[in-house]
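Reading through the structure tokens given below for one structure.
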Amino acid sequence: MVSAESRAMLAKSAETAAAKAGRTLRLSETKPGDHGVIVEVRAGSHSGGHGVAVDELQRRLLEFGFVEGAQIEVLHEGAIWRDPIAVRLDDMRIGLRRRDAEGVWIRLDAK
Amino acid sequence: MTDVPLPTARVALVGNPNSGKTALFNALTGSRQKVANYAGVTVERKEGQIATASGRSLSVLDLPGTYSLRARSPDEVVTRDAVLGKLSGEAPPDVLICVADATNLRLVLRLILELKAVGRPMVLALNMFDIAQRQGLRIDLEGLSREIGCPIVTTVATRKRGIEDLVAQVENLIASGVLSTDNIWREPDAGQIRDAHREAQRILKGNVRAPERPDTFTGKVDSVLLHPFAGLAILFTLLFVMFQAVFTWSKAVGDLMSDGFGALGASLVAHLPAGILTSFLTEGLISGVGSVLVFLPQILVLFFFIILLEDFGYMARAAFLMDRIMGGAGLHGRAFIPLLSSFACAIPGIMSTRVIDNRRDRLTTIMVAPLMTCSARIPVYTLIISAFIPNTKVAGVLSLPGLVMFGLYASGILSALGVSFITRRLLWRGAVEPFLMELPAYKLPDPLNVARSLYLRAQIFITRAGTIILPMMILVWFLSSFPGAPAGATDPAINYSLAGRIGHLLQPVLGPIGFNWQMTVALIPGFAAREVAVAALGTVYAIGNSDAHPGALATTLQHHWSIATGLAFLAWYVFAPQCASTIGVVKRETNSWLWPAIMLIYMTTLAYLAALVVYQVARVCGLG
Chain F
0 MVSAESRAML AKSAETAAAK AGRTLRLSET KPGDHGVIVE VRAGSHSGGH GVAVDELQRR
60 LLEFGFVEGA QIEVLHEGAI WRDPIAVRLD DMRIGLRRRD AEGVWIRLDA K
Chain W
0 MTDVPLPTAR VALVGNPNSG KTALFNALTG SRQKVANYAG VTVERKEGQI ATASGRSLSV
60 LDLPGTYSLR ARSPDEVVTR DAVLGKLSGE APPDVLICVA DATNLRLVLR LILELKAVGR
120 PMVLALNMFD IAQRQGLRID LEGLSREIGC PIVTTVATRK RGIEDLVAQV ENLIASGVLS
180 TDNIWREPDA GQIRDAHREA QRILKGNVRA PERPDTFTGK VDSVLLHPFA GLAILFTLLF
240 VMFQAVFTWS KAVGDLMSDG FGALGASLVA HLPAGILTSF LTEGLISGVG SVLVFLPQIL
300 VLFFFIILLE DFGYMARAAF LMDRIMGGAG LHGRAFIPLL SSFACAIPGI MSTRVIDNRR
360 DRLTTIMVAP LMTCSARIPV YTLIISAFIP NTKVAGVLSL PGLVMFGLYA SGILSALGVS
420 FITRRLLWRG AVEPFLMELP AYKLPDPLNV ARSLYLRAQI FITRAGTIIL PMMILVWFLS
480 SFPGAPAGAT DPAINYSLAG RIGHLLQPVL GPIGFNWQMT VALIPGFAAR EVAVAALGTV
540 YAIGNSDAHP GALATTLQHH WSIATGLAFL AWYVFAPQCA STIGVVKRET NSWLWPAIML
600 IYMTTLAYLA ALVVYQVARV CGLG
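In order, the protein sequences belong to chains F and W. Using numbering that gives the first Met the number 0, count along the first sequence one by one with no gaps and you end on 110. Using numbering that gives the first Met the number 0, count along the second sequence one by one with no gaps and you end on 623.
What follows is the structure, given as structure tokens:
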């Protein structure tokens, strides 16, 4: 059952990969395998409920290297609610929660 | 010209986490290190001395790792204030050594730009340079040095390479009389961080060529260790092995030590005249010191694994894998290590919550840490289980005592998750700290550094725990020994003491949960350390030296207690804040009496309610 399900998911991601190229989306909505360039890091574009102010979250993201122009690739995701995610950001690896990644917009590359 | 010794110069090590800063500190200072706390805050202050070839002495401060001077955790505040020279009780550093992982320069370049703004003379140590060379990473050292305006030394801290060069460069800076310029550092806003990254990117592009053979090992290992299901399975297997090791490897040594302290006490009793002094030495001092030290083997084995996994780079992955599981209960992924340590003893667990940036996350972790089943509960659990739980098999294979033990561990973990969930809901609704964590490249741990870290852990535990546990033990000894028994007394002496009186006073309150007065009296010494309750029960039931008949106490308890009472006692021990030292450490770490007071109240309430429910239900089921 699991393998059938994962096969279906693989097929789906393969068919959308080509269609997705050039699309801009939030880092929080990406899947492992997606890769592209960060086009914008916004403050205050997330759903709220953080322990820190929105511009503080933005500054932390920037400090970790989530800046416009950085190359990013989604590597892994957690088992529960596919969260958190692990990304390769330029030459570093960083783990973060999807909710904290909402302000990061990326433009996907072609496969 | 003169033979007047040169004044000691102060050097501070700054750098990103995972840059090998501590390894470099060890390589620089060797065994001439001192660990203490910064005045007023519970952040570890590590300082070491170097005697240079020219006869100058350098005092080196290892500052907590940070990505930015914009400090967020108590650790990072110390780094910022020390660098700025604003830390109370600390002289400002004469020279900064910025430690960088040569294979990962992007973020540290931004930190260097911030440090330059502070205006202190600085040397950049490009550490792990061997790995950079192996990867075929080309760094134009002269160009880079010109760009950032400070000398660069390449180092391999684990092999002690480049250390002399580094010291020589520091001396050069001091001897050439380069003075600090004005501090123009201000907390950067988002725009300035972006500018700094652009600048870092420009410097990187101009002076560093991408590796010819980039590290693919980390990626391969991660595809297994961070796999959503295999990763979790491996994590739990690792934890299982770790606990096996903690309890089997350390048991022999721990038993040996506890026997040793017992023998020492016994020989004192034999050779000294009976009296208050002997009683103080054996029951207060020796058993006090002993009760601290018997946990040392367990704590060391646990920390051995934690340090090994930390140095390998796995702990960040463990936090990643556990983040959602613990996040459901409102705990931060970083709370994983402190809670893990709490299975050995809550004291090192609570002390290691310092890695958590956010105050609320840290307080929640501190508050639930004592609910993890620490090893001091094991003697109590073992005694009660052997007395009241029949050694039968369930479903043919599982032993009932083993299941009960497992259930006690599980109730500890579940209640910790529950309490943190409720704390989050009631006190700090919705506020969740962002989870952003570097997943460092995997590296083989260096045995010497592991050994040194372990030694440091032992030292910290003995001094900190010792200074709290020992006075508590002495206080409890005083309560249990004074006033002494009147002449012709028939009951054990403890009944006439202050502890005995308190016990009798509390008895009506504890009656509904099935505790008789002997148990209530035994709870008082048990407050020093949980396992002391076993010895105290022996004292009140006048078993005396139960060593000759190990099962004697269990048998006595069977005669005096109902099964319901035994079960209620177990339930009580899952929750009860029966460890004054933990309360003391919480006071120290939170710097307030409020949190230890809350902990005492909530845990006692939980313990009472749990014991009440267990006792009453067991009575209804006919076990009364």
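Even for Gly, the Cβ is constructed at its ideal location relative to N, Cα and C. Note that this is a predicted model, so its numbers are computed, not measured.
Check: 7 Å Cβ shell around LYS404/W - same chain, five flanking residues per side excluded; Outcome: The displayed chain sequence assigns Met, not Lys, to residue 404/W. Excluding positions up to five away in sequence, the list reads TYR380 and ILE384.
Check: Straight-line Cα distance separating ILE377/W from GLY543/W; Outcome: With a pLDDT of 47 at GLY543/W, under the threshold of 50, the predicted position of this residue should be treated as unreliable, though the coordinate-derived value follows. Going by the C-alpha atoms only, they are around 21 Å apart.
Check: CB contact check: ASP33/F to chain W, cutoff 8 Å; Outcome: no
Check: Contact between the region 600–614 of chain W and the region 433–446 of chain W (3+ Cβ pairs under 8 Å); Outcome: no
Check: Buried/exposed call for ASP99/F, threshold 16 Cβ in 10 Å; Outcome: buried
Check: Where the beta strand (DSSP E) containing LEU95/F begins and where it ends; Outcome: 91–95
Check: Buried versus exposed, by CB contacts within 10 Å (16 or more), VAL40/F; Outcome: buried
Check: Chain W contacts made by the region 89–106 of chain F, where a contact means CB separation under 7 Å; Outcome: ASP89, ASP90, MET91, ARG92, ILE93, GLY94, LEU95, ARG96 and ASP99
Check: Contact between the region 511–530 of chain W and the region 347–358 of chain W (3+ Cβ pairs under 8 Å); Outcome: no
Check: Under 8 Å from the C-beta of ILE79/F: neighbouring residues of chain W; Outcome: ARG323, ILE324 and GLY327
Check: Contacts of ARG105/W in chain F (Cβ-Cβ under 8 Å); Outcome: GLY64, ASP89, ASP90 and MET91
Check: First and last residue of the uninterrupted beta strand (DSSP E) at GLN577/W; Outcome: First-last for GLN577/W: undefined, no H or E at that position.
Check: Selection of the region 123–139 of chain W by Cβ proximity to chain F, strictly under 9 Å; Outcome: none
Check: Buried or exposed (CB count within 10 angstroms, at least 16 for buried), HIS75/F; Outcome: buried
Check: Spatially closest choice to LEU438/W from TYR313/W, PHE239/W and ALA617/W, by CA coordinates; Outcome: TYR313/W
Check: Min CB distance ASP82/F to chain W below 8 Å; Outcome: yes
Check: C-alpha distance - ARG316/W paired with PHE279/W, whole-angstrom precision; Outcome: 49 Å
Check: Min CB distance LEU61/F to chain W below 8 Å; Outcome: yes
Check: Cβ pair count under 8 Å reaching 3, the region 52–59 of chain W against the region 71–80 of chain W; Outcome: no
Check: 8 Å contact criterion, which THR627/W and ILE130/W should meet: CB distance rounded; Outcome: One cannot answer for residue 627/W here, as it falls past the ends of chain W, which runs 0 to 623.
Check: ALA334/W burial status per 10 Å Cβ neighbour count (16 or more: buried); Outcome: buried
Check: Contact list for ASP625/W against chain F, beta-carbon separation under 7 Å; Outcome: With chain W running from 0 to 623 in the structure shown, residue 625/W is simply not present.
Check: Collapsed DSSP secondary structure at VAL10/W in the structure displayed; Outcome: strand
Check: Minimum C-alpha distance to PRO6/W - residue among SER53/W, LEU599/W and GLU46/W; Outcome: SER53/W
Check: CB contact below 8 Å: GLU437/W versus chain F; Outcome: yes
Check: Cutoff 8 Å: GLN57/F Cβ touching any chain W Cβ; Outcome: yes
Check: Chain-ordered chain F contacts of ILE192/W [CB-CB under 7 Å]; Outcome: ARG58, LEU61 and GLU62
Check: Residue range of the unbroken alpha helix (DSSP H) whose run includes ILE285/W; Outcome: Careful: ILE285/W lies outside any alpha helix (DSSP H) and carries neither H nor E.
Check: The beta strand (DSSP E) enclosing ARG358/W, as first and last residue numbers; Outcome: Unbroken run through ARG358/W is the alpha helix (DSSP H), 358–367; no beta strand (DSSP E).
Check: DSSP state of VAL66/F mapped onto helix, strand, coil; Outcome: coil
Check: Pairwise C-alpha distance: PHE387/W and SER561/W; Outcome: 9 Å
Check: Beta-carbon neighbours of TYR66/W, restricted to chain F and to distances below 8 Å; Outcome: GLU62 and PHE63
Check: PRO213/W versus LEU599/W - alpha carbon distance; Outcome: 53 Å
Check: Three-state secondary structure assigned by DSSP to ALA99/W; Outcome: strand
Check: C-beta neighbour in chain W for ALA42/F, strict 8 Å; Outcome: yes
Check: Cβ contact (3+ pairs, closer than 8 Å) linking the region 50–66 of chain F and the region 79–93 of chain F; Outcome: yes
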